[in-house]
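Each remark here refers to the structure printed beneath this line.
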Amino acid sequence: MTTRHIFTRRTLGMTTAAAMLLLSPAAFASNVGSMNASVTLEEPLSVEVNTQLSFGTLAIPTANSATLVMTANGETVDSSGVGDGAIYRNNAAFGQITVNGEADTTVSITAPASLQLAAGVNITSFNFSNATPTLTLGTATITVGGTLVVDSTAMAGTPSQSFDITVEYQ
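Counting with mature numbering (1 follows the signal peptide of the UniProt record, and there is no 0), you get residues -29 to -1, 1 to 141 for the letters of the sequence shown.
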């Protein structure tokens, strides 16, 4: 066998292998697809406090405790029946906030479950005129109320405490 004959056999073998590889089904089975990536960005939410929540002026009960309920729909209920002595209100003001964000989206509004203003003076719950409003034109105004419990052990004064109102897109 000559060198030329060996070279021709090797070249022919490699050419045949390359042709088989190029013509195999795997070479024709692949394809390329194109995909886009996107994101929708909404306006950031903001909360503006228009009016602070104030239960007004209350008398400390002489025994037990007394309760004042300010519902966010504008009703105030004096349920001081358990206290020995009158609890009354004067200059009470419902809280009010304005929520701003993406137009025509729904948000949820929450506050702490309770809040201690001072020893013997507790807000046991908060309520909202609408806890899941739709931001029509990108804004909603919400009234804030709560339930205040004053124990006979409370001290005279003007206790106050800040709290967070959390607003989130639904």
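Glycine included, every Cβ here is placed at the ideal spot set by N, Cα and C.
Task: Straight-line Cα distance separating Glu13 from Asp75 - done: The straight-line gap from Cα to Cα measures roughly 11 Å.
Task: Helix, strand or coil at Leu39 according to DSSP, with G and I counted as helix - done: Residue state, collapsed to three classes: strand.
- [ ] Reducing DSSP to helix, strand and coil, say where Ala64 ends up.
- [x] In the displayed model, Ala64 falls within a strand according to three-state DSSP.
Task: Residue(s) in a DSSP beta bridge with Ser96 - done: For Ser96, the pairing in a beta bridge is given by DSSP as Thr118.
TODO: Provide the residue span of the beta strand (DSSP E) that contains Gln87, from first to last.
DONE: In the DSSP assignment, Gln87 falls within the beta strand (DSSP E) that extends over 86 to 89.
Task: Reduced DSSP secondary structure (H/G/I, E/B, other) of Thr81 - done: The three-state secondary structure of Thr81, taken from DSSP, is strand.
Open item on the list: Taking a contact to mean a Cβ-Cβ separation below 8 Å, would you say Ala89 touches Thr124 in this structure?
Closed with: No.
Open item on the list: For Ser17, report the span of its beta strand (DSSP E) as first-last.
Closed with: Looking at the DSSP string, the run of the beta strand (DSSP E) that includes Ser17 is 17 to 22.
Task: DSSP bridge partner residues for Ala111 (one or two, in chain order) - done: Its beta-bridge partners are Val70.
Task: Any 3 or more C-beta pairs closer than 8 Å across the region 69 to 88 and the region 2 to 10 - done: Touching, no.
Open item on the list: Starting from Glu13, trace the beta strand (DSSP E) in both directions and tell me its first and last residue.
Closed with: Under the DSSP assignment, Glu13 falls outside any beta strand (DSSP E); it carries neither an H nor an E label.
Open item on the list: If you follow the beta strand (DSSP E) that Val138 is in, where does it begin and where does it stop?
Closed with: In the DSSP assignment, Val138 falls within the unbroken beta strand (DSSP E) covering 137 to 140.
Task: CA nearest to the CA of Ala24, picked from Tyr140, Val138, Thr118, Thr137 - done: The question names Ala, yet the displayed sequence has Leu at residue 24. For the options Tyr140, Val138, Thr118, Thr137, the alpha carbon positioned closest to that of Leu24 is the one of Thr118.
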